[in-house]
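For any residue, its number in the working numbering is found by taking its place in the first sequence, counting from 1, and adding 1069.
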Amino acid sequence: MHKKFDSQAIEKKWQERWQASGLYKTDGDSNKEKLFVLDMFPYPSGEGLHVGHPKGYIATDVYSRFKKMSGFEVLHPMGWDAFGLPAENFAIKHKVHPRVAVEKNIANFKAQLAHLGFNYDWSREINTTDPEYYKWTQWIFLKLLERDLAYESHEPINWCPGCQTGLANEDLESDGTCERCGSVVEKKPMRQWVLKITEYADRMLSDLDTLNWPEHIKEAQRNWIGRSEGAEIDFKLTNGEVVTVFTTRPDTLFGATYLVLAPEHELVRQFPIENIDEVKAYVEATKQKSEIDRTNAGKEKTGVELKGIKAVNPANGEEIPVFIADYVLAHYGTGAIMAVPAHDERDHDFAHVFGLPIKQVVTDDDVLIASGEFDGVSTEDAKKAIVEKVGGRMTATYRLNDWVFSRQRYWGEPIPVIHCEKCGVVPVPYEELPVKLPEVEHYEPTGTGESPLATIESWVNVSCPKCGGPGKRETNTMPQWAGSSWYYLRFIDPHNDQALVDPQKEKKWAPVDVYVGGDHAVRHLIYARFWHKFLYDIGVVSTIEPFMRLEFLGFILAEDGRKMSKRWGNIINPDDIVKQNGADALRVYEMFMGPFENTVAWSTNGLVGAQRFVERVNGLNEHVIDDEPLEATRSLHKTIRKVREDIESFKFNTAVSTMMIFVNSAEKSGLSKSSYESFLKLLAPFAPHLTEELWEAAGHVGSIHVENYPEADEELAKDDSVTIGVQVNGRSRGAILIAVDADENTAVEAAKREVSVAKYLEGASIKKVIYVPGRILNLII
RNA sequence: GGGCGAGUGGCGAAAUGGUAGACGCGUUAGUCUUAGGAACUAAUGGGGCAACCCGUGGAGGUUCGAGUCCUCUCUCGCCCACCA
């Protein structure tokens, strides 16, 4: 029977009691086995939550409640990733301090989350914009600087004219536009701070194997790091210089008929070149081009020959021409290539435009020809041999570039260094951290490539910590990804002002055991892994990886199949659902919608279905009887077994459906009080409010959420008879009900008695019997 | 162009190689009603009066038996991409 109930009253009652009793506080001194369950913490936007946001939070809530009830001490915290452009842009538009806007947004988010009954330990709440927090973000930067993993560079970087700030490669869409504002990103030479993430490329790649992550996320990371095995080969030039090229195909060296340098290549500036004006013009023209224009694969190849200079092919001594062309990228490999038009499509196109020789050196069978002593050698064997012969080096290169780490915006962590005329870059002494963001009149970017901080002279002008002379503070700030690259560690020890994290506590809680989120397959996870490995190297953390298991979630679309957005007016606020249908119904529905990793459209009808289920549970005590039939006991224990397995593997949809099946059958058969209470415990992680209420109504004093999660009794879960399908010649012809342990003869005899089967057996002899007990009987006639 | 996934009813989806479509939504019929977008009962992949036949994107294959394994192919999604 459905039994409606006042969900709002029940939810309010228990949410208040839980908070008052500190039920969800993590015990840092517990002797229980630890488990760190973490959500990707949200950016508290002004829009508030829509019903899609809590999906992951519900999952971690179910999982951590389940684990707590299974005897684990669970660390399950929440915090705010609150630096970044949206807050700043909001502040500019509405003329309020970003801090004020962020505080307001956080209060709103927190209230929305509270209505869903999550079991977060709020005493560990963190906020990346809190100076006590970003003190340690700055501390990490100084440590990186100490180890030469942070450096200043003047190379051209991505500049977004819309946001008026430099960006990392990771912040660009694949079409070369800014992921925030959609502007076409330009290349602009400017001073910036860069982190040597490439130093960790190999470790980030190989340690992926140690992680329990979805394969497609690992693959996305491998793609992003983009390791290519190949060789560096030196080409001598006729003017005495040497150009080093990177190639993955050293076996084709004999087919290299010209050399191409990136227009930005440093040697280009140093050559005495006959057609220097033409070359300069081309270099200039390249600078003007956006990344999109330059990397558009379909367009005709352009370039300029460096006249008066030839290169010598080290394989055969041939003199070959040298070009600059924009299809060669300065920041990949060595910024120079040997061109093999016969075996590379791009080189072929270029050779075609410039009328250069095309020399085939590999057959269709991957065997070398026209390669002197290497003729007949396989490409695989030739690679090493040729590199050795010409004195090259086998090496690897990466698509990944160092991390452009400065932003010319206000709302971020100040980079804690001081520029001194005498001493150069001087780190702010550790004891002076945090370098707090000063108050400013205007947060608008200056547009000059300088941060708004540069306009506050009283803040900028300081004395050099080293020599005491006049110095200027660094006015660039860190990117939004900084604070989120280590926040999981702060949850372990959120109020420590002496260390980033206490080593004892770190050993107890790290790493994150289960990490849940979506949307950040590459950036956040790459950056966080990089910082974690660095923190490992300097002894702050004890594990080589931060997140052992990752569960990637699929989003919830609006009912119309589009993304929920203000623009489409299709946003559903969880507060409204909580009011109309109840938090438990919302939670059950979001877990039931489909596989956790699937993106599924919201369905109000589906939600009502979940609500009906919750209401049936509310009426289930009316079916409690003194002696339940064996069938009901069996059903309970099978349900327990399945629900436990499903929660463990994040298959929440089938966990819910299993419980639905149980309720359906228990309503018909009746169930004992003990089975009823076991079921309440089983459902408690999904519907914490109602189960708590029913638990109390059943006469219990303590919370259901500290009860032991039910365990299946395998003996009681066993069926004694089972229906199995019967096939004749592999086609289904009926079914028989037999004992689970029935032998083959019994099964065959039962099949012969079954009318629907028997008619196929008439006048035929059984040649072969395939009998899989409990599964299938197949008779071959 | 390269890589990784995924294709099952009207919809979200289940299914250690063993009666495909559990569970939920929707739909249909009925019951009860102070007529409501409530609840309950039953039916619900397609075709056929029926016995039966056909069905997991398509074509082959392995197997007593294939949604599941193998080969080829089509479509969609995601990631990377003038990356040498």
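Even for Gly, the Cβ is constructed at its ideal location relative to N, Cα and C. None of these values were measured; they are calculated from a predicted model.
Beta-ladder partner(s) of N1281, from DSSP:
R1618
First and last residue of the uninterrupted alpha helix (DSSP H) at I1455:
1448 to 1458
Of the choices L1705, F1661, H1706, W1578, whose alpha-carbon is the least far from that of N1100?
W1578
Cβ-based neighbour list, A1786, same chain, cut-off 7 Å, excluding 5 preceding and 5 following
R1703, H1706, K1707, R1710
Between the Cα of G1518 and those of H1166, N1847, H1223, spot the shortest distance and give me the residue it belongs to.
H1223
Return the residue from the list I1694, Y1658, E1500, D1130 that minimises the CA-CA distance to R1681.
Y1658
Is DSSP giving G1441 helix, strand or coil here?
helix
Kindly indicate which three-state DSSP category Y1043 falls into: helix, strand or coil?
The displayed coordinates of the chain run from 1070 to 1850. Any statement about residue 1043 would go beyond what the structure contains.
Classify Q1088: buried if its beta carbon has 16 or more other beta carbons within 10 angstroms, exposed otherwise.
exposed
Only counting the same chain, and skipping five residues up and downstream in sequence, which positions put a Cβ closer than 7 Å to that of L1469?
I1266, T1267, A1270, W1293, I1294, G1295
Identify which residue in D1653, H1692, P1664 has its Cα closest to the Cα of G1678.
D1653
Would you please state the rounded distance, in angstroms, between the beta carbons of E1429 and A1411? I believe it to be under 8 Å.
This sequence places Gln at residue 1429; Glu is not what is there. Going by Cβ atoms, the distance from Q1429 to A1411 rounds to 4 Å, so yes, they are a contact pair.
Would you list, in sequence order, the uninterrupted beta strand (DSSP E) runs of no fewer than 3 residues that lie entirely inside the segment 1253 to 1300?
1255 to 1258, 1261 to 1264
Using the C-alpha atoms, what's the distance from L1759 back to R1656?
12 Å
If you compare alpha carbons, which of Y1596, R1713, L1846 is closest to L1274?
Y1596
Helix, strand or coil for E1482 per DSSP?
coil
Are the segment 1794 to 1806 and the segment 1769 to 1785 in contact at 8 Å, needing three or more beta carbon pairs?
no
Check whether the Cβ atoms of V1585 and A1128 sit closer than 8 Å, and answer yes or no.
yes
Whether F1210 touches I1393 by CB criterion (8 Å):
no
Beta-carbon proximity list for L1118, same chain, < 7 Å, skipping 5 on both sides:
F1178, Q1181, P1643
What three-state label does DSSP hand M1633 in the structure shown?
coil
K1821 in three-state terms, based on DSSP:
helix
DSSP bridge partner residues for E1369 (one or two, in chain order)
Looking at the DSSP assignment, E1369 forms no beta bridge with any residue, so it has no partner.
Relative to the C-alpha of K1508, which residue among H1166, D1450, E1697, F1105 is closest?
Residue identity differs from the one stated: residue 1508 is Glu in this sequence, not Lys. If we check each option's Cα against that of E1508, H1166 comes out closest.
What does the Cβ neighbour count give for L1806, buried or exposed, with the cut at 16 atoms within 10 Å?
exposed
I'd like to know whether the C-beta atoms of L1264 and L1218 end up nearer to each other than 8 Å.
yes
Is it true that the CB of P1155 sits closer than 8 Å to the CB of D1190?
no
Cβ neighbours of E1343 in the same chain (closer than 6 Å, five flanking residues each side left out):
K1376, G1377
Out of curiosity, what's the CA-to-CA distance linking W1550 and N1174?
19 Å
Strictly by DSSP, which residues pair up with P1698?
None; P1698 has no bridge partner.
Would you mind listing the beta strand (DSSP E) stretches within the segment 1193 to 1248 that are 3+ residues and don't spill past its ends, in chain order?
1219 to 1222, 1225 to 1229, 1234 to 1236
Quick check on the DSSP output: the alpha helix (DSSP H) that includes G1832 runs from which residue to which?
Run containing G1832: none; DSSP gives neither H nor E here.
To which residues of the same chain is G1115 closer than 6 Å at the C-beta, ignoring the five residues directly before and after it?
F1159, N1174
Is it right to say P1514 is buried, meaning 16 or more other beta carbons lie within 10 angstroms of its own, or is it exposed?
buried
On the DSSP bridge list, what partners appear for V1669?
I1625
Straight-line CA distance for Q1077 to N1227?
51 Å
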